[in-house]
């Protein structure tokens, strides 16, 4: 039915109109509300001798570029493992990320840097927008191949808003006390190391719940396309490597400049090497006859959770959040020295006990899971609206339905005929 | 005829001899004329407390590496979409860029940092050389698959000289006033934001005019090879992504250190996200039945303009230049504040009215188009010299003529026979 | 025989147990011995005006990330040219590098930053660990496709120790005089520019001697898999490009901050461009009929030296070391000015004549070759232990023996049957 001529014309217009509408609205909101922040705008920076505060752009820009490369190369190519969905994986990654970067600048800016009627942007807002795009792409991984671009854009529209709201609640939970100078934010009420909660847990469960609402019992019709082929796996390894090598930047980019950032990069670097050996051990143990399995290394295929985001982001995110709570409960000035100031400032300043901080951490996880579940459920209902163009069961995990695939016009024509016969 | 034994021996020697000649000449010129500039050579930099001027290397190096990655990964893989020309696209990109980097260091250095009989090089000359290589690769895109490596090297030899000359005329147009300290260059007479004129407009029209002079009515013989295949398009997407993610560095790298560079990176970042949504909208509107078309996203194939450089660089470059003229005509101190100094220094210093600056901008575009057209025409005539080895019509867009292609020796042998039969 | 049921069960457990054992041991050693160094740990870094010494992390991090990308993307994809060994090339690169990074942090740390009972780590130890991983991957290139993961891990275990020992002997040869403050190391007794000796010469000859000890007369059974296919060569070009573009960072990363680092990056940049033209000239001269050959560009296939590491690293490393000796013998204060202090500090301080420095350089090469040969020989004997799982001659250069290859289960089953029949 979705393929009747009337709907076909609708499909043809849905995507361009939605893109233009979203882009137009975003452009207007940028023009009205967005201004450069102090470091970006003012003629603060002068050639010559001056303080590190003025160098912030130069100290943050390399990490930002690494994060940017992770989001686009890493996520884009990680999802290329599906044998017939390479264009969709990379192309929709681009579309979703490009929209999420703009939209989250507005949403996060509204929550975090809204001063005197304007949203102030700079290096930090660019990094934060990339993090939000990361969460959207994690959710994309859960519905990869089963949703059309219009559905994906609507998912991003909703998810970015909830991401910003959740982050705001976690950072300023219970005691909101913004100061007015527009530069320093107050100490976070909940510490979210590496984005365990706001990025990984939120992105994964938002996507999974949404995917569950979109459950399709007949999806095995497309099952043969869920596999990978030799070269598509090699492309996916490009994605894996980019995610791996730039992870230290991903974790350290949002940290305050200084030794904390250095430590974060170092710890991530050694943690990754250790987890690589463990992954090989596990993969060889679990694998059929001691052989190593790239799906295990990169992503476990499960029906309805295309990229296995539950294993990759959901469980690790929750685990990270629980560990964060434990660490907070054990935090003492003896262990951290002056560093306590930058890790758990509220404990350092005596405003909160370690136990209280641990409770806040756990409550933060609860809030995140609530936002993700309710949001994902609402998102799923929204995406089930019959007016939206959803790929038929037999055409999932298939580029031809949304992309001109080179040299296969006859193949395509044949495929469409089959589809129409089925409908 | 081009395949007779005599010419075949000639072909065999043309490329190595030209490479050795160019490399030998470049090496001698480097030895005689090139010296480190002040920051690179002097023991200026000492561990400890000192000014940002001494940190220039560290502030510029990350952007430089991004530009370098764009030129090689981005341009190299962007052109891999041709199904049988992957080696040529990446390999000749390497050859051309490697030559252009050295040759433009000499040419640009002669125009911009020639002091006391020596060309002074450092971080800035490396970045500028990469920009010139970018223009050469844009031109390469217009003749991709239809020219041999000897022709391409001669094209680069001519183009780099004209690029340097054009840039020099634009920057110091009419009022040349170099100061002698070898560090600061005088304010540019024409502002060329993002290289609209010197890189995109010049590179595109130089290549297009040259391609027109090389027009081959029989080229449809190779038409079946102009298409892409599924995996070659995925490789091209690697190129696209690298161009996309590092564009903020490309635009901000040549800017003066400080808030201007920060702003440029920020603006490029948001412009790219906005243009991505617009591109999807347009592509879905224009495409046959609402599907998205990678050639539209990456490159439009047009006979004789292999990579569609007119759409990708020519038109946008001219548009950017015209907008630059408009912006200059409207520049006031009210809008820019102290930033006017760094954007339009001659207006800020009262040496020139906004209208006069706008006239200079438009005249700069005219000069660029003239250099590109006359140069491209001369280049085309040069490349038509019968002594130069040009691929026959039936062997265009085909790696086998210049590269050992793995596992296809029998195929090749067959191909050569056919060719000789035709000749 | 290696494929009897008993050994098959052994094979199944060897890899996971070795991974867990190595990772467990490394984790314990890290917990006991490794601590943050001064810049990483102390609350030294404060927002505001302070000296460049405190900025070291920000000045070194971008180069470090480039080196990291070279090691993983560069080496990993460079070796993908084998048509049926893409998973093994990238996967085992990951495994080896991840282990080498941790293990060499311990070994190098023990030799170079062992203070007060602790190994101090920071930015420099991360860069040095990546260099050691580079040497291990060079050796991997010599035995690629002919060794299993268990053998490779044992090779890395031995090689990292010898790498650290060799480096220590070279840097502090004969006159060991460590000072106690844990920050500055004494002037190196042997100057190893670009890692010619410690990385390239050592890694290449260690791997080659080891490969010779593992010599298999029947290896031509797998010869048909040693070739490349069109797309595998394109993947290998990704590796080549990443090695190429980030080489300036590789050479300049370990240099002292300042103008020396700037100069090193600049020299590497121009040397690479010059060598590219020369390579094209040579390739076109040597190639069958004037065509260019990617194996020549990237790697020459030679039986038993899969990636041609002798040509790529061995000979150039020795040549570089000999040139280093020559340059040292000719070093005068006239030529270097104050820079002599940072290049050859012992000559500058008058503690050693130029001739004596040259002798030290040559002796350093001799020591390196001895360590590599004896170590490679011992390593080869170790890897020939019959208990270790080595791929049978007919299954070399083949992913299926160690990896789940998508969509080829029937093919695999067939292959196993054949193998067992042969055994």
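Chains as they are written, first to last, in UniProt numbering: chain G, 1 to 423; chain C, 1 to 423; chain U, 1 to 423. Virtual Cβ for every residue (Gly too), placed ideally from N, Cα, C. Note that this is a predicted model, so its numbers are computed, not measured.
Subject >> Validate contact between the stretch 231-238 of chain G and the stretch 152-172 of chain G using beta carbons, cut 8 Å, 3 pairs >> reply: Result no; under three Cβ-Cβ pairs closer than 8 Å.
**OP:** Identify whether residue 301 of chain U lies in helix, strand or coil by the three-state DSSP scheme.
**Re:** In this predicted model, residue 301 of chain U has a pLDDT of only 37, less than 50, meaning its place in the structure is not dependable; the value taken from the coordinates is given anyway. The DSSP-derived three-state label of residue 301 of chain U is coil.
Original post:
Hey, how far is the Cα of residue 424 of chain G from the Cα of residue 235 of chain C?
Top reply: This structure does not reach residue 424 of chain G, given that chain G is present from 1 up to 423, and the question cannot be answered.
Original post:
Based on the DSSP output, what are the partners of residue 205 of chain G in its beta bridges?
Top reply: According to DSSP, which records beta bridges pairwise, residue 205 of chain G is partnered with nothing at all.
Original post:
Within the chosen definition, does the stretch 369-386 of chain U reach the stretch 342-357 of chain U through at least 3 CB pairs nearer than 8 Å?
Top reply: Touching, no.
Original post:
What are the start and end residues of the beta strand (DSSP E) that includes residue 119 of chain C?
Top reply: Element bounds for residue 119 of chain C: 118-121.
Original post:
Counting pairs of beta carbons, one from the stretch 355-372 of chain U and one from the stretch 193-204 of chain U, are three or more of them closer than 8 Å?
Top reply: Enough Cβ pairs lie closer than 8 Å, so yes.
Original post:
If we call anything under 7 Å between Cβ atoms a contact, is residue 96 of chain U one with residue 136 of chain U?
Top reply: Yes.
**OP:** Can you tell me the Cβ-Cβ gap for residue 85 of chain U and residue 399 of chain U, rounded? I've got them flagged as a contact below 8 Å.
**Re:** So it is a contact: roughly 6 Å between Cβ atoms.
Original post:
Could you check where the beta strand (DSSP E) with residue 35 of chain G kicks off and where it finishes?
Top reply: Counting along the chain, the beta strand (DSSP E) containing residue 35 of chain G begins and ends at 34-36.
**OP:** Assuming residue 216 of chain C contacts residue 146 of chain C (C-beta within less than 8 Å), just tell me the rounded distance between them.
**Re:** Indeed, because the Cβ distance is near 7 Å, the residues count as touching under 8 Å.
Original post:
Hey, does residue 269 of chain C have any beta-carbon neighbour from chain G nearer than 7 Å?
Top reply: Among the residues facing chain G, residue 269 of chain C is included, as its CB has a counterpart in that chain under 7 Å away.
Original post:
How is residue 349 of chain U classed by DSSP in three states: helix, strand or coil?
Top reply: Residue 349 of chain U: coil per DSSP, three-state reduction.
Original post:
Name the chain C residues whose beta carbon is nearer than 8 Å to that of residue 278 of chain U?
Top reply: For residue 278 of chain U, the residues of chain C that pass the 8 Å Cβ criterion are 19, 20 and 23, in the order they occur in the chain.
Original post:
Would a check of beta-carbon distances place residue 14 of chain C closer than 7 Å to chain G?
Top reply: No, residue 14 of chain C does not count as interfacial toward chain G.
Subject >> Simplified DSSP assignment, three categories, for residue 344 of chain U >> reply: Looking at residue 344 of chain U - three-state DSSP - the assignment turns out to be coil, as it is neither helix nor strand.
**OP:** Could you tell me whether the stretch 104-117 of chain G touches the stretch 256-265 of chain G, where touching means 3 or more Cβ pairs closer than 8 Å?
**Re:** Touching, no, given that fewer than three Cβ pairs across the two stretches are closer than 8 Å.
Original post:
Mapping DSSP to helix, strand and coil, what is residue 216 of chain G?
Top reply: Three-state result, residue 216 of chain G: coil.
Original post:
With DSSP run on the structure shown, which of helix, strand or coil describes residue 242 of chain U?
Top reply: Three-state DSSP puts residue 242 of chain U in a helix.
**OP:** Under the assumption that residue 98 of chain U contacts residue 277 of chain G (Cβ atoms under 8 Å), give the Cβ distance between them as a whole number of angstroms.
**Re:** A Cβ-Cβ separation of about 6 Å places residue 98 of chain U in contact with residue 277 of chain G under the 8 Å criterion.
**OP:** For residue 70 of chain G, I'd like the list of residues in its chain whose CB is within less than 7 Å of its CB, leaving aside the five on either flank, ordered along the chain.
**Re:** Only 242, 243, 246 and 250 meet the Cβ criterion.
**OP:** Reducing DSSP to helix, strand and coil, say where residue 84 of chain C ends up.
**Re:** Residue 84 of chain C falls in the coil class under three-state DSSP.
Original post:
At least one CB of chain C closer than 7 Å to the CB of residue 440 of chain G: is that the case?
Top reply: Residue 440 of chain G lies beyond the range of chain G shown here (1 to 423); nothing can be said about it.
Original post:
Under a three-way DSSP split, which group does residue 115 of chain U fall into?
Top reply: Three-state result, residue 115 of chain U: strand.
Subject >> Interface residues of chain G facing residue 399 of chain C [CB-CB closer than 9 Å] >> reply: Residues of chain G passing the Cβ test: none, with the nearest at roughly 17 Å.
**OP:** Out of C/118, C/323 and C/144, point me to the one whose CA is closest to residue 191 of chain C's CA.
**Re:** Cα-wise, what sits closest to residue 191 of chain C is C/323.
Original post:
Which residues bound the alpha helix (DSSP H) around residue 361 of chain U?
Top reply: Residue 361 of chain U -> alpha helix (DSSP H) spans 354-383.
Original post:
Since residue 239 of chain C contacts residue 76 of chain C with CB under 8 Å, what's their CB separation in whole angstroms?
Top reply: Indeed, because the Cβ distance is near 7 Å, the residues count as touching under 8 Å.
**OP:** List the whole-angstrom C-beta distance separating residue 210 of chain U from residue 155 of chain U, where the pair is believed to meet the contact cut-off of C-beta under 8 Å.
**Re:** Going by Cβ atoms, the distance from residue 210 of chain U to residue 155 of chain U rounds to 7 Å, so yes, they are a contact pair.
Original post:
Out of curiosity, what's the CA-to-CA distance linking residue 313 of chain U and residue 295 of chain U?
Top reply: Between the C-alpha atoms of residue 313 of chain U and residue 295 of chain U there is a straight-line separation of about 15 Å.
Original post:
Going along chain U, which residues have a C-beta under 7 Å from residue 98 of chain C?
Top reply: Below the 7 Å Cβ cutoff, chain U contributes 273, 276 and 277 as neighbours of residue 98 of chain C, in chain order.
**OP:** Identify each residue in the stretch 85-117 of chain G for which the Cβ-Cβ distance to at least one residue of chain U is less than 8 Å, and report them in chain order.
**Re:** Listed in sequence order: no entries.
**OP:** For residue 320 of chain U, I'd like the list of residues in its chain whose CB is within less than 6 Å of its CB, leaving aside the five on either flank, ordered along the chain.
**Re:** Its chain contains 196 as the residues whose beta carbon lies nearer than 6 Å to that of residue 320 of chain U, once the 5 sequence neighbours on both sides are disregarded; these appear in chain order.
Original post:
How is residue 404 of chain U classed by DSSP in three states: helix, strand or coil?
Top reply: It is a strand residue.
Subject >> Contact set between residue 245 of chain G and chain U, taken where Cβ atoms lie within less than 9 Å >> reply: Those are 65, 68, 69, 71, 72 and 73, listed as they occur along chain U.
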